[in-house]
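Have a look at the structure below, then the notes.
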Amino acid sequence: MKDKFKEYASRMTAPREAILEFMSRSSTHLSAKEIYTSLHKKHPGIGMSTVYRTLDLLARMGLVTKLALGDGQNRYEFKAKDKSDHHHHLICTRCGTIINYSEFLEEELTLVRKTEKKLAKKYNFIIEDHNIEFLGICEKCKGSEKI
Ligand SMILES: [Zn+2]
Ligand SMILES: [Zn+2]
Ligand SMILES: [Zn+2]
């Protein structure tokens with residue numbers, strides 16, 4: 245995290261730093277609105293559009309993971325530098341529940357490794373990271389649909 249902070253220090257304005265700092269302290273998947281509400285009291289200068297723009301920028305920088313919930317609502321998650329924090333997501337498109345999992349299936353790991361290797365070769369591209377999310381219907385929503 246520290247080097248990334250340094251690397252982007254020149255591009256770090258006060259709102260960007262405040263948003264990133266806030267996210268690094270929260271472990272959940274936050275909506276732009278939640279981030280805005282939490283920050284606004286302490287930083288009245290940060291408006292909703294700043295939050296949106298900043299989150300997009302941070303996502304492009306790889307400091308934040310952007311999760312598309314399918315209803316046009318995004319959730320944002322701070323990306324820890326620590327690789328042990330790496331996880332994939334199952335996202336319910338009905339209620340917005342997000343399940344983190346890091347107990348990867350053997351098949352999944354093999355597929356990801358193989359895919360990354362082949363893509364890197366095909367596009368002469370250095371793959372540093374990936375985001376994997378599956379969209380669908382959670383157990384709770386599946387249950388209520390049967391009734
Ligand atoms: Zn992964
Ligand atoms: Zn659900
Ligand atoms: Zn997550």
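Take 245 as the starting number for the sequence shown in the working numbering and just add one per residue. A virtual CB, placed ideally from N, CA and C, is assigned to each residue, including glycine.
Under 8 Å between C-beta atoms of I343 and H273: no
R338, DSSP secondary structure in three states: coil
Proximity test, E321 beta-carbon vs ligand 3 heavy atom, cut-off 7 Å: yes
Stretch pair the region 363-382 + the region 306-322: three plus CB contacts closer than 8 Å: yes
Alpha-carbon to alpha-carbon, F348 and V356: 11 Å
Buried/exposed call for Y320, threshold 16 Cβ in 10 Å: buried
For E383, the nearest candidate out of L301, K362, C336 and L264 (CA to CA): C336
Proximity test, H287 beta-carbon vs ligand 1 heavy atom, cut-off 7 Å: no
Identified DSSP bridge partners for F322: V308
Local conformation of L313 per DSSP, three classes: coil
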